[in-house]
Each structure stands twice: as structure tokens, then as C-alpha cells.
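These notes concern the structure reproduced below.
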Amino acid sequence: GENVEQHPSTLSVQEGDSAVIKCTYSDSASNYFPWYKQELGKGPQLIIDIRSNVGEKKDQRIAVTLNKTAKHFSLHITETQPEDSAVYFCAGSLGNQFYFGTGTSLTVIP
Amino acid sequence: NAGVTQTPKFQVLKTGQSMTLQCAQDMNHEYMSWYRQDPGMGLRLIHYSVGAGITDQGEVPNGYNVSRSTTEDFPLRLLSAAPSQTSVYFCASSSGQTLNSPLHFGNGTRLTVT
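Sequences listed follow chains H and R, in order.
Numbering-wise, the first sequence is residues 1 to 110 according to this note's numbering.
Numbering-wise, the second sequence is residues 111 to 224 according to this note's numbering.
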């Protein structure tokens, strides 16, 4: 199956700074890469996704980039706010399964 | 739409007891799945279903059973609970049978096995 690795496991930034979370995947057949945000006591919620035929996608302060050759994709959050504090998961889909990274706990310091 | 609804929210079991975690979705999604979430290990797939009457194993299926008699419901059964099954369980659904669209998650069931 697929192996998705995520770094860093924890990240602290000052409010207004940018945050970057990186993921790599092992199987070049993976073709869809969503990012999820999980707040305490809740289920993960989709924040942005990218398909393998696209190199970059942006939605307001959030962007995702995909490098198929290197098999890595990254989440970029600009102008961070305290409400961005949460755990973020990357994932890749292969066949009928999603494979998740181990999560990044982001803390935005006011 | 309620989305994905999981019950119960919390459960404590003794070793050897059995129980069923319920999951229902009202989005007419074909794909449904169960994950467990443990600290430092992300989300691991237990079982999934691409439609009514069809189920398959994920990464960590041992100790769990599922069935899919309707499009809406996908219960997860623990036949004989073990302390290693202490975890937070999430049900998730997706439109279509191929995974090129996102998962919609419920809010989880926190299970403790003593």
C-alpha cells in the first residue's frame, strides 16, 4: 500500500506568520491529496485538496502545492490566526483507500 | 443535512464484551469507511465499503466486523473487546466509488476498554 509521511509533528508560529507542513508519498499511482483540519473533540474537516493533474491550488490564506516527480506535497497557511491552531493531516488516495500522515499540531501564538 | 452521525460519543467496555458502533450518513454516499485514531499514529483504516452489500478490509481489520445492508448505515462491531482497541473511532463517507473526492467525517466515538 501507500506510505504517507508528514513533517513536522509540531509547529509553533507567531500570529501573522506563515506555516508550512510537508508530506511525502511512496506510490506514484496516488492521484488525489486532501488536507484535513481537526479541532479538539471533533472529526477531521477538509480544508483544501489537490489532484495529480494540478501543481498548485489556493483558497484565500491556504494553498497546497504538489510535486509529482518528487512525490511530495505541502500545505501553506499565510497570515496565521489563533483559530488556525489545530491538528492538520495530509492524505493520499490509492485504489479504494486513503492513507493519512501522522498529523501536525499547529499552535499560533497571539 | 446532518452529514455523518456516529453514536455513541463515549463508551467504556470491559475486556471480552461486545458492542456495535453506529454510523449513518444522509448524503447518499456510496463509499463509507471506519478509521481508528491513536496518538502519534494518524488515522488508520479498519474496514470500508464501496456500496451496499460490499465490504473490504483496511490496514487494521482484526477484531472488527462490518456489514453494509443499506446505503445509509455502516455499523462497526467489536466481537470481544480488548484493551488494545481503546481508541477514538471515526466513520467517514465519500461520494462515488473511487476515491477522487474527499471524506466527510463524523465526530467520533471515544472507546475505552478496561
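Backbone N, C-alpha and C define an ideal beta-carbon position, used for all residues, glycine too.
The structure presented is a predicted model; accordingly, all values stated were derived computationally and were not measured.
Extent of the continuous beta strand (DSSP E) run through residue i
i, result
"D59/H", "E56 to D59"
"P118/R", "Where P118/R is concerned, there is no enclosing beta strand (DSSP E), given that its DSSP letter is neither H nor E."
"D49/H", "Q45 to R51"
"T102/H", "Taken as a continuous stretch (DSSP letters only), T102/H belongs to no beta strand (DSSP E), as it is neither H nor E."
"P212/R", "Segment: none, P212/R is in no beta strand (DSSP E) and carries neither H nor E."
"M129/R", "M129 to Q135"
Option in the options with minimal Cα separation from residue i
i, options, result
"R146/R", "G113/R, P171/R and T130/R", "P171/R"
"G95/H", "A202/R, S211/R and P149/R", "S211/R"
"S85/H", "D49/H, E5/H, V13/H and V4/H", "V13/H"
"Y199/R", "L209/R, D136/R, K124/R and F215/R", "F215/R"
"T115/R", "I164/R, S205/R and D136/R", "D136/R"
"I62/H", "I48/H, T69/H, G16/H and V54/H", "I48/H"
"F184/R", "S194/R, A191/R, G173/R and V160/R", "V160/R"
"N217/R", "D166/R, S203/R and G126/R", "S203/R"
Cβ-Cβ separation, residue j to residue i (assumed contact under 8 angstroms), whole Å
i, j, result
"V108/H", "T78/H", "About 12 angstroms; that fails the 8 angstroms criterion."
"L188/R", "S128/R", "6 angstroms"
"Y99/H", "E39/H", "In fact, because the Cβ distance is near 22 angstroms, the residues do not count as touching under 8 angstroms."
"Q195/R", "L221/R", "7 angstroms"
**Report entry** Any beta strand (DSSP E) of 3 or more consecutive residues that is wholly inside the region 162 to 204 of chain R
**Finding:** 164 to 167, 174 to 176, 186 to 188 and 197 to 204
Query raised in the report: Are three or more beta carbon pairs between the region 163 to 183 of chain R and the region 111 to 124 of chain R nearer than 8 angstroms?
Result: no
Report task. Decide yes or no for the touch test of the region 61 to 78 of chain H against the region 28 to 36 of chain H: beta carbon pairs closer than 8 angstroms, at least 3 of them. Result -> The answer is yes - the region 28 to 36 of chain H touches the region 61 to 78 of chain H, with three or more Cβ pairs under 8 angstroms.
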